[in-house]
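Novice:
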Ligand SMILES: [Zn+2]
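In my numbering, the protein residues as written are 64 to 432.
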């Protein structure tokens, strides 16, 4: 055999070996690993731990819900909502007209009139005319809404560009420490109307959308672009300025002031400003992934925390929150909150639950029972 022929034969044998069918072991070695292919957005774990799973049908104590909105379409919806409130233990609910695009305040009051014991109305600031005379008029409107039953102002909302929730006119570039609205804030003190305000968003939403972002799976769709508006710390500063400069007005920072990631900082603000409160609305997942720190915080500031929901009218929406506040369940998922992390409940003491559910709200709304 010539040398060229033998080289050709060797090459052919080598190629045949490469294309030979793989054994099962060889195939497993080369298949892509789930570690490389399972996406964070598809992560949907099933808990295998043999742990208590507690169903809380009704709150242990009566609740005043300090953060909800005009979700209904009709009087029948309101009747159905009242039934749900009875089932889960909610005495009455704040209908924050301000942040819900819909019917004018007067119509809200009219629609809910047959159920007025079950709802408390909150109204907007009117920014239609920002001149001194215009603000004076807005103060008169506020007093008129108060006469009609408004117990507070809110939910105001500033995510950087000014009060975006106000109706009929948005408060573009009007932050809560704007000197022009000081007469309105003073009027709230005079009328004993607390101001409920949503400041910023959870901190993960401001961080780079990369593998270091702990809240990535939610933050990626809830990301905040601060290119042309105030950032997180600047917004918190506007809030602190307003609280400091208006000591006779009660401010409720919605959603733990979006400061669940830094409870010592939030506690320091509460220590400093007795006219500041927070509500816990719509921040279950942002708090129940750090259950020990949050529990300690809720106990320490038990006189300054208000219950709120902010998430519709379904019974399970309420019951998920009750489970987190009342039980000792641990390591469970509530997928609709959007995060990839497991939650654990707070097992709050009864006296804290009573204050958080009812007494603190009753005190600042001047309602006792
Ligand atoms: Zn809200």
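Backbone N, C-alpha and C define an ideal beta-carbon position, used for all residues, glycine too.
Note that the structure is a prediction, hence the values are computed from the model and not measured.
1) Identify, in the order they occur along the chain, each residue of the same chain with its Cβ nearer than 6 Å to the Cβ of residue 243, setting aside the five sequence neighbours on each side.
2) As a quick exercise: from 425, 358 and 317, pick the residue whose alpha carbon is nearest that of residue 413.
3) In the structure shown, what three-state DSSP assignment does residue 415 receive?
4) Please determine, among 345, 386, 198 and 221, the residue with the shortest C-alpha to C-alpha distance to residue 297.
5) Would you mind working out which of 275, 373 and 270 sits nearest residue 319, comparing C-alpha positions?
6) In this structure, does DSSP put residue 166 in helix, strand or coil?
7) Report yes or no: do three or more beta-carbon pairs, one from the segment 175-192 and one from the segment 202-212, lie closer than 8 Å?
8) Is residue 186 near ligand 1, judged by its Cβ being under 7 Å from some heavy atom?
9) Below 8 Å, can you find three or more Cβ-Cβ pairs linking the segment 152-160 to the segment 387-407?
10) Does the contact criterion of 3 or more C-beta pairs under 8 Å hold for the segment 326-342 versus the segment 364-379?
11) Between residue 381 and residue 125, which are expected to be in contact by the criterion C-beta below 8 Å, what is the C-beta distance as a whole number of angstroms?
12) Helix, strand or coil: which one does DSSP assign to residue 160?
13) Is residue 159 a contact residue of ligand 1, with contact defined as CB to any heavy atom under 7 Å?
14) Using CA atoms only, rank isn't needed, just tell me which of 114, 315, 360 and 305 is closest to residue 328.
15) Is it buried or exposed for residue 6, if we count other Cβ within 10 angstroms and need 16 for buried?
16) Report the residue ranges of all beta strand (DSSP E) runs contained in full by the segment 339-408; include only those spanning at least 3 residues, in chain order.
17) Measuring from each Cβ to the nearest heavy atom of ligand 1, keep the ones under 5 Å and list them in chain order.
18) Decide if the segment 248-268 is in contact with the segment 377-394; the criterion is three or more beta carbon pairs, one per stretch, under 8 Å apart.
19) Sort out for me which residues DSSP pairs residue 221 with in a bridge.
20) Look at the alpha carbon of residue 181 and the alpha carbon of residue 145, and state the distance between them as a whole number of angstroms.
Specialist: Looking at the coordinates:
1) As a working mapping, residue 243 is identified with position 180 in the chain shown. Correct list, in chain order: 193.
2) As a first step, residue 413 must be located in the chain shown, where it is residue number 350. Comparing Cα positions, the closest option is 358.
3) For this step, residue 415 is matched to residue 352 along the chain shown. Residue 415 falls in the helix class under three-state DSSP.
4) Translated into the one-based positions of the chain shown, residue 297 becomes position 234. Checked all of 345, 386, 198 and 221; the closest Cα to residue 297 is 221.
5) Residue numbering aside, residue 319 sits at position 256 when the chain shown is read from its first letter. The shortest C-alpha separation from residue 319 is found at 373.
6) Translated into the one-based positions of the chain shown, residue 166 becomes position 103. It is coil, neither helix nor strand.
7) yes
8) Locating residue 186 in the chain shown gives position 123, where the first residue counts as 1. Checking the Cβ of residue 186 against ligand 1 gives no.
9) no
10) yes
11) Taking the chain shown and counting its residues from 1, one reaches residue 381 at position 318. Taking the chain shown and counting its residues from 1, one reaches residue 125 at position 62. Between residue 125 and residue 381 the Cβ distance is about 13 Å, and since that is not below 8 Å, they are no contact.
12) Here residue 160 refers to the residue found at position 97 of the chain shown. It is coil, neither helix nor strand.
13) Position 96 of the chain shown, counted from the start, is the residue given in the question as residue 159. Yes, the Cβ of residue 159 comes within 7 Å of a heavy atom of ligand 1.
14) The sequence position of residue 328 within the chain shown is 265, counting from 1. Ranking the options by Cα distance to residue 328, first place goes to 360.
15) Here the chain covers residues 64 to 432 and nothing more, so residue 6 does not appear.
16) Counting whole runs of 3 or more residues, the segment 339-408 contains the beta strand (DSSP E) stretches 339-342.
17) The answer, residue by residue, is 218 and 373.
18) These segments do not touch.
19) Position 158 of the chain shown, counted from the start, is the residue given in the question as residue 221. Beta-bridge pairing links residue 221 to 226 and 262.
20) Numbered from its first residue, the chain shown carries residue 181 at position 118. Numbered from its first residue, the chain shown carries residue 145 at position 82. Residue 181 and residue 145 have their C-alpha atoms some 7 Å from each other.
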